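Notes for the one structure printed next.
In the working numbering, the protein residues as written are 9 to 608.
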């Protein structure tokens with residue numbers, strides 16, 4: 009006979025210690041045995057699996073709950089584990105009388121039933137099949153504990169003296185999870201409460217405290233305030249209430265008639281109050297200043313625009329305190345400036361931003377335009393000019409309009425920093441032999457750092473050099489630099505004069521020619537050189553000469569005709585005609601010579 013062989017040995021020791029205070033509880037070390045042949049028969053060709061496993065679930069404290077575990081065709085040992093500790097082997101859980109293993113053992117059902125869940129049952133559970141070497145998924149059992157009955161401190165009746173603040177405090181203890189507290193008045197939730205939670209020593213239950221602030225005039229005498237505590241264990245909640253016993257200062261309502269109203273018209277303020285005890289005083293004020301002429305429930309006055317933004321207040325007093333209420337008036341008034349726009353100095357290429365704020369009632373319309381232009385640049389209180397150019401410089405107008413009431417406007421100046429701009433007459437005049445001046449007008453922001461005149465090989469910025477003197481004068485429109493030439497000679501009229509100005513942003517140059525004023529007077533053209541081109545002058549001269557020749561020819565022809573009629577064809581007429589033709593040729597030659605002399 010072969011010796012008895014053990015492949016696996018299971019032994020369970022239950023260690024009870026009165027000294028440790030562990031009654032009917034123990035540490036379980038499971039050892040078992042099974043004959044090699046029997047173990048082989050259970051495992052050869054047999055694969056076991058769970059048809060039912062324990063699931064996460066919640067149970068209210070005091071209620072039963074069952075954790076499922078089923079392994080079809082398995083008849084070996086099943087072990088239930090709670091937070092890593094075995095409850096017992098198989099269906100024997102005698103150390104835990106509140107636990108039972110239920111179900112059909114032959115069908116592989118090994119469900120764990122907790123007869124009356126307690127907080128200590130809140131744990132993670134596993135079902136293990138020892139011989140099959142399988143274990144279920146861990147399942148969390150959450151034991152829900154309802155809160156104790158809520159309590160409002162100072163209840164059931166709370167007396168409140170008018171003018172004193174009231175803090176209501178409600179606490180709901182020993183709940184899992186922590187209770188939620190809401191405050192109710194006439195069935196409606198009161199917002200604004202604060203909350204604090206405290207975790208108890210068992211690490212699972214919590215207590216909550218809620219504090220609600222109630223202002224003196226916010227409740228009526230005899231009103232009931234409810235504190236309701238709920239959590240998952242008791243969705244319907246538990247509640248308690250207190251009754252407020254309050255005497256209150258005046259409850260005030262302030263009305264204004266008529267509204268809207270035009271500025272300078274009269275309105276009536278009416279201050280009505282409910283108070284216990286009775287009202288002892290009415291006091292009216294505007295902008296913090298007492299209105300001495302008003303003392304009762306009614307105040308009449310003519311209103312201006314200030315009543316639109318500065319409220320009138322009515323303060324009502326009784327023996328328990330005072331209540332102050334204020335109202336503004338819907339006054340219609342024209343635009344009034346609240347933010348003055350400021351003139352700007354910006355660099356060329358940068359942005360310019362103007363701000364212009366008005367107030368008016370009804371709503372006003374704002375329009376930004378450049379002075380002299382009808383183009384609307386903006387309808388906002390801010391005007392932004394992107395990447396400004398020098399031509400953007402000028403005056404801008406911010407205009408506000410209140411329909412059917414009035415309008416107003418403000419003007420600002422935009423100054424653009426950039427290179428100088430020279431705008432001088434390119435041809436200027438002087439008399440031969442006299443003192444002459446050439447002027448150079450410069451617009452520049454910032455002002456020019458340097459202005460220089462140059463001609464031929466000469467450069468002069470200021471002072472005197474020989475016959476030449478440079479003077480610079482600043483005006484509101486710009487800077488005028490003057491080159492003065494004494495005792496002008498012919499060569500001065502053949503010279504090109506260069507006026508150049510510099511500042512930190514760049515420079516500009518203008519070429520100016522000097523023309524002899526006397527020569528143009530002699531030509532009889534009567535036109536300024538800078539305003540009439542040379543080609544026009546030549547054309548006029550040629551045209552005048554041709555017209556003169558035509559006129560002379562007409563006169564000669566007329567005279568010849570009269571001579572023929574008077575003489576009847578006397579000899580010598582042909583000779584006289586030949587003489588006149590010679591005179592015409594001389595006139596043509598003189599005209600051509602004059603044109604050549606006036607040419608460039």
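For each residue, glycine too, the CB sits at the ideal point set by N, CA and C.
Nothing here was measured: the structure is a model prediction, and the numbers come from that model.
- Ranked by Cα distance from residue 304, the options 316, 293, 289 are led by 289.
- The DSSP-derived three-state label of residue 421 is strand.
- Counting of Cβ neighbours within 10 angstroms places residue 203 among the exposed residues, the total staying below 16.
- Residue environment analysis places residue 503 among the exposed positions, since fewer than 16 neighbouring C-beta atoms fall within 10 angstroms of its C-beta.
- Spanning the alpha carbons of residue 454 and residue 426 requires a straight line of approximately 7 Å.
- Per the C-alpha coordinates, the member of 356, 318, 292 positioned closest to residue 332 is 292.
- Going by beta carbons, residue 87 and residue 136 fall inside the 8 Å limit.
- Counting the other CB atoms within 10 Å of its CB gives residue 197 a total below 16, which places it among the exposed residues.
- Scanning its chain for C-beta atoms nearer than 7 Å, with the 5 sequence neighbours on each side dropped, one finds around residue 117 the residues 78, 111, in chain order.
- For residue 315, the enclosing alpha helix (DSSP H) has its first and last residue at 314-317.
- Boundaries of the beta strand (DSSP E) around residue 437: 435-438.
- Of the other Cβ atoms in all chains shown, 16 or more fall within 10 Å of the Cβ of residue 130; this residue is therefore buried.
- Between residue 153 and residue 183, the C-beta spacing is below 8 Å.
- Counting along the chain, residue 250 sits inside the beta strand (DSSP E) bounded by residues 242-254.
- With 16 or more other Cβ atoms inside 10 Å of its own Cβ, residue 518 counts as buried.
- Around the beta carbon of residue 436, 16 or more other beta carbons lie within 10 angstroms, which makes this residue buried.
- Residue 282 places its beta carbon less than 8 Å from that of residue 259.
- DSSP places residue 513 outside both helix and strand once states are collapsed to three, so it counts as coil.
- Assignment of residue 301 by DSSP, reduced to helix, strand and coil, places it in the coil class.
- Within the DSSP secondary-structure output, residue 235 pairs in a beta bridge with 191, 248.
- If you look at residue 374, you'll find it in the beta strand (DSSP E) that goes 373-378.
- By the beta-carbon neighbour count (other beta carbons within 10 angstroms, threshold 16), residue 65 is exposed.
- Residue 239 holds the alpha-carbon nearest to the alpha-carbon of residue 189 among 299, 96, 239.
- Counting along the chain, no beta strand (DSSP E) covers residue 56, and no H or E run does either.
- Around the C-beta of residue 96, 16 or more other C-beta atoms lie within 10 Å, and the residue is accordingly described as buried.
- Apart from the 5 residues on each side of it in sequence, residue 334 sits with its Cβ closer than 8 Å to the Cβ of 262, 319, 320, 321, 322 in its chain, given in chain order.
- Distances from the alpha-carbon of residue 370 to those of 316, 324, 233, 175 put 316 closest.
- If you draw a straight line from the Cα of residue 456 to the Cα of residue 341, it is about 48 Å long.
- In terms of CA proximity to residue 521, 434 leads the group 243, 404, 434.
- Per DSSP, reduced to three states, the secondary structure at residue 335 is strand.
- Beta-carbon to beta-carbon, residue 299 and residue 166 are separated by about 39 Å, too far to satisfy the 8 Å threshold.
- By the neighbour-count criterion, in which 16 or more other beta carbons inside 10 Å mark a residue as buried, residue 508 falls on the buried side.
- Residue 287 is classed as buried because its beta carbon has at least 16 other beta carbons within 10 Å across all chains shown.
- In the three-state reduction of the DSSP assignment, residue 499 falls in the helix class, which pools H, G and I.
- In the three-state DSSP reduction, residue 126 falls in the coil class, being neither helix nor strand.
- Counting only residues of its own chain and dropping the five nearest sequence neighbours on each side, residue 172 has a CB closer than 8 Å to the CB of 224.
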